[in-house]
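For the sequence shown, the working numbering gives the first residue as 21, with consecutive numbering after it. From the three backbone atoms N, C-alpha and C, an ideal C-beta is built for every residue, glycine too. Quick caveat, the model's predicted, so the values are computed rather than measured. Step one of this worksheet: look at the structure below.
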Amino acid sequence: MGMIGKIRRGSMFPVYIKLFDGAPLELNEKIALLSIAIECQKSSDEISQNLGYRIIAAYTKRFKDFDPLLQISANHGYAPLVDSIIKKLSVDDIDRLGALSIEMLDATMELYENDGIVLTDDQWGIRNFFEASDNKSVSIVAPTSFGKSELIVEFCRRNQKRNICILVPTKSLIAQTRKRILTSAKEARQVGADWSPEVVLHPEAFRRSENGSLCIYTQERLFRHFIMFGESVFDDLLVDEAHNMFGKGHREVLLNQILTLHRARAEAVGKISNTKFFTPFLVNPDSLSLRYQHREVEGRKITKSIKSEVFYIADLKENSDLSIYDHYFDKLHKISDLECDSTEDYIASSDAGKNIVYQNRPVKIELMARTLLRILPSVDGDEEISTAVKAIREYVHPQYLLGECIEKGMIYHHGSVPDIVKLYVESVFSEISAARFIICSSTLLEGVNIPATKLFLPTVNIGRGVLNTSQFNNLIGRVCRYKEIFKGGELDEELLLPEIHLIVNSDYMHNNINPKKFLSDRLKVDKKKVDNNENPLLSLDYEKLPAGSKEEADTFLDVIDPTVRKVDKVRSARTSVGYLSFTHNIYELDILEHERDIEIDVNEFGIIDDIDKFLLFVATIFISRVGDKSKYFDLLRLEHDGARAFYSMLMRWKLDHLPLAQMVDRFVSYWNDVGGTVFVGRWGDYQQQEDFFPRYVVWNEKTDAEKVNLAIVRIKDEQDFIESALSKYVDLVGDLKIIDPDLYLSLKYGTSDELEIELIKSGFNGLLAKHLLENYSEYVNFTSGEFSNFTFEDEILDVMRENDENEILIFEVKLMSGL
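Next up, the structure:
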């Protein structure tokens, strides 16, 4: 048993917990706590060292005595803390501590500065290690907000002549990463450096260049790039949120498949390609070993953190009390009784400056938002809030719930919020002080960077399961980021101990959750940590995984590249349509079983020359052969004439460049005509007999506002469905050359106009691309040729504001242009 075990068995806890529960501390108790903290710091055990730091941080927060924190920060190499504490010291403090000592410390801080930002010793260590590893495959494991994004940007800047792909898990992270790259490049040029990266977001926009390329892709886009460019190999793959490699979902398996395929191609053409992994959670770098492409990965891991979270359990069900769970002692300690009537009352009454509220399901997010609307006061007289509300209501709809929420300083964020609106409200929450609450789902886990000081968890579910250790730690890492702790170079000591509130309630949390056990299983400091793998393409725990998932993953590799597995017997497609189905990631049916019949049907079908015929092609030739009827319920709807007519209508709206607000009105009008029970998927509250879940609503029972908001979320869900389930069939029929060329371009991009298509490839949505070319063409410069590129005049944003354009449109132009 280590030192932490001995401390637990002693009599320290009753005194220690007083630092957190507000109970008075006698002088001798303060001295005892500081003495224990010093002894912990002397230990070689990192857990004990972290406990010593936690005691000092809590002592500083409680008593505003910065002397111990200054000393321990200097010993730990926490230079930002030292720098900010020095700035807080009064003249008397400096005299007492010794002016010469303070001056020496202050001078030392200059050695830790980088571009005006003071880094910790660990941050400098990571930076130096990473810079020295430019030509190696490495893993970087560091807490959320530690600065991994800056490492990625600086690597791209150092290696401008190389072909680099930054691999991110979501489209929103593509936009965020692009913005980060372009902002850094702009700052570099302002100080005379030469960096003007041409950032590629879609493989269709990629051009081979002798000067290097910089692509930001999801795994689906990287796979498309891999297929389109037969011998193209990136010098470097930078895998952000690399812990996704352990997942068992189709996207996670595809991630490992493309990493395997890319490395195999590099070996085949005799080129060295390095992979760099970035994650907050990894026990052993060897856990990232791919089964068929094993390579040593040198790792650097940081476990120390300036933050030390405090965990509260607010029990609104059994005892109506507030307790602290301490993960060092693995104990619960009651603080007080509670007088709150509901989860929402507790959240509103415990408000900090910026608050994250986690919810599992979008339906629950909007339910909670409606309840909080009745509790929270309006934000009156705030011009920035009024501007945001106006933008949301004009862009989406006057009755959009999100507009009403922003009036109360509340924002919500989930997968059914339109993509650009999601990015816009993130900026609203980040930049407007009156925006205090953001209710969000697990979309926040994927690298979304927002300022927040307190986290509330009225549920601990994710999907149909429960947040695992990595997911939970990733979530709590989103509060009190380093940039907030040291905002403006001044220390806010309150943020050194972020508050995490687990709310036990009947409305959102499952009855079988034991809050103390949940926290203990994920947080107890001496609990042995292991990497848990469910992915069939990693070596870790491979023998424990289901045979079916392994066979399916291997079949995909065999078809795409029969040399990868280095085995005598591989499976292969025997028809061109079978092979192309694999290259377009069509996985819902057994392609190898049906490919002969599919080929016959394709040859007999003829040329596709309208949307209805395209949907009929997909339904009759592919969807009719899907075996798992329950797993692909949404896709199987396309076998019905009415569903195909519905999706035909949606796809025509894209071709007509219909604004979102008009789509909403037409959606509501369409459902008014249909009447009766309406399919709304996960937003349903009515269950038909053959269904396992409520997927419908009785339309005429809904208010006008409820109809509008159902239309908004369903438009987004259906657009996502079209993109994920149908767009790959557009590419397939294009490659098969059985579709009218203009129809192909219209289905893929929403237009056949070449310049609009180029803007769309650059990341703009089709409606804005058309609007810019029609109304602001003099501010949009396109360089054609081998290395085509768009640049934007700085004046475009001011001119758009003079023309009273919607702020969301201006935000998107600013985001995508790098202005």
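Sequence-distant partners of F538 (beyond 5 residues in either direction) whose C-beta falls short of 7 Å from its own C-beta, in its chain, are V480. Counting only residues of its own chain and dropping the five nearest sequence neighbours on each side, M820 has a CB closer than 8 Å to the CB of Y796, L829, I830 and V833.
Ranked by Cα distance from L54, the options A43, K38 and G72 are led by G72. Leaving aside the five residues that flank G97 on each side, the residues in its chain whose CB is nearer than 7 Å to its CB run, in chain order, T140, D141 and D142. Under the three-state reduction of DSSP output, F812 falls in the strand class.
The Cβ atoms of A284 and Q313 sit closer than 8 Å to each other. Within the stretch 483 to 545, the complete alpha helix (DSSP H) runs of at least 4 residues fall at 489 to 496, 502 to 505 and 535 to 543. The beta carbon of I533 sits closer than 8 Å to the beta carbons of V480, V486 and V524 from its chain, once the five residues preceding and following it are set aside; these are given in chain order. Taking D773 as the centre and dropping the five residues before and after it, the same chain places no C-beta closer than 7 Å to its C-beta. I440 is not a Cβ neighbour of D41, given a cutoff of 8 Å. V445 and C460 have their C-alpha atoms spaced approximately 11 Å apart. Contact between I627 and D760 holds, since their C-beta atoms are separated by about 7 Å, short of 8 Å. Residue nearest to A789 within the set L565, L775 and Y799 is L775 (criterion: CA-CA distance). Looking at the backbone, the Cα of S369 and that of R390 are separated by about 17 Å. Note on the stretch 651 to 705: whole alpha helix (DSSP H) runs with a minimum of 4 residues are 653 to 656, 661 to 675 and 680 to 694, in chain order. Spatial neighbours of H270 in its own chain (CB-CB distance under 8 Å, excluding positions within 5 residues in sequence) are listed in chain order as Y607.
When secondary structure is reduced to three states using DSSP, L336 falls in the coil class, being assigned neither helix nor strand.
Note on H263: 16 or more other CB atoms within 10 angstroms of its CB, so buried under the neighbour-count rule. With contacts defined as CB atoms closer than 8 Å, V273 and L557 qualify as a contacting pair. In the DSSP annotation of this structure, the continuous segment of the beta strand (DSSP E) that includes V717 starts and ends at Y716 to V718.
With 16 or more neighbouring CB atoms inside 10 Å of its own CB, P217 falls in the buried class. Per DSSP, H96 lies in no beta strand (DSSP E); the unbroken alpha helix (DSSP H) holding it starts and ends at D87 to H96.
Taking every protein chain shown into account, the CB of I458 has 16 or more other CB atoms within 10 angstroms, so this residue is buried. Per DSSP, G269 lies in no beta strand (DSSP E) and is assigned neither H nor E. Secondary structure at V437: coil, using DSSP grouped into helix, strand and coil.
Check the Cα spacing between P478 and each of Q91, D335 and S340: the tightest is with D335.
In the DSSP annotation of this structure, F297 is not part of any alpha helix (DSSP H); the continuous beta strand (DSSP E) holding it starts and ends at N294 to T299. Around the beta carbon of Y562, a 10 Å sphere encloses fewer than 16 other beta carbons of the protein chains shown; the residue is thus reported as exposed. In the three-state reduction of the DSSP assignment, E318 falls in the strand class.
With respect to the C-alpha of V587, the residue from R594, D361, L577 and T595 having the closest C-alpha is L577. Here DSSP, grouped into helix, strand and coil, assigns K834 to helix. Going by DSSP, K84 is part of no alpha helix (DSSP H) at all; its letter is neither H nor E. Note that the stretch 711 to 728 does not touch the stretch 741 to 759; fewer than 3 beta-carbon pairs, one per stretch, sit closer than 8 Å. Annotated three-state conformation of T391 is helix, per DSSP. In this structure, the alpha-carbon of L302 lies about 14 Å from that of F492.
From the listed residues D676, K38, K84 and S93, the smallest Cα separation to Q61 is found for S93.
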